[in-house]
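*Asks:* Before anything else, here's the structure in question.
In the numbering used here, the protein residues as written are 1475 to 1588.
Right under this line is the structure:
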């Protein structure tokens, strides 16, 4: 079993009482905020919901998971920690690699992206 990615200040993780686990995007890196500003995006939870769906496609993340959120955060719920680990790595990369973030944004559903 691999060690989980330790979340940066823009992510939190945890376990629900029934055993499911979550990973939340609660903030964005300066690089991400700058790109969101250029694209006139809200930059909060709703923006990240669209990005998370796009990252799932880019990274071919499969299995049972749920993506959701609200104005100030987005989250992934899953019982399989490997799914959350894959998302954590993708989110971390999107926060620090502008080309990767742009690929995720370009592939995001425009109906979800705000």
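In this text, a Cβ means the ideal position worked out from N, Cα and C, and glycines have one as well.
So, is residue 1490 buried or exposed, given that buried needs 16 or more other C-beta atoms within 10 angstroms?
*Replies:* Residue 1490 comes out exposed.
*Asks:* Please report the residue range of the beta strand (DSSP E) in which residue 1548 lies.
*Replies:* Per DSSP, residue 1548 belongs to the beta strand (DSSP E) from 1547 to 1552.
*Asks:* Excluding sequence positions up to five away, which residues of its chain have a Cβ less than 8 Å from the Cβ of residue 1568?
*Replies:* Same-chain partners within the cutoff: 1506, 1525, 1529, 1574, 1575, 1578.
*Asks:* Below 8 Å on the Cβ atoms is my guess for residue 1519 versus residue 1548; work out the distance and round it to an integer in Å.
*Replies:* Contact holds; Cβ gap of about 4 Å.
*Asks:* Can you name the start and end residues of the alpha helix (DSSP H) that residue 1511 belongs to?
*Replies:* Start and end: 1504 to 1512.
*Asks:* Per the DSSP calculation, residue 1486 is bridged to which residue(s)?
*Replies:* Residue 1486 is bridged to 1498.
*Asks:* Would you please state the rounded distance, in angstroms, between the beta carbons of residue 1532 and residue 1581? I believe it to be under 8 Å.
*Replies:* Rounded, the Cβ-Cβ distance is 7 Å, consistent with contact.
*Asks:* How is the alpha helix (DSSP H) around residue 1581 delimited, first residue to last?
*Replies:* First-last of the alpha helix (DSSP H) with residue 1581: 1572 to 1581.
*Asks:* If you measure between the beta carbons of residue 1495 and residue 1555, is that distance less than 8 Å?
*Replies:* Yes, these two residues count as a Cβ contact at 8 Å.
*Asks:* If you draw a straight line from the C-alpha of residue 1560 to the C-alpha of residue 1511, how long is it?
*Replies:* About 27 Å.
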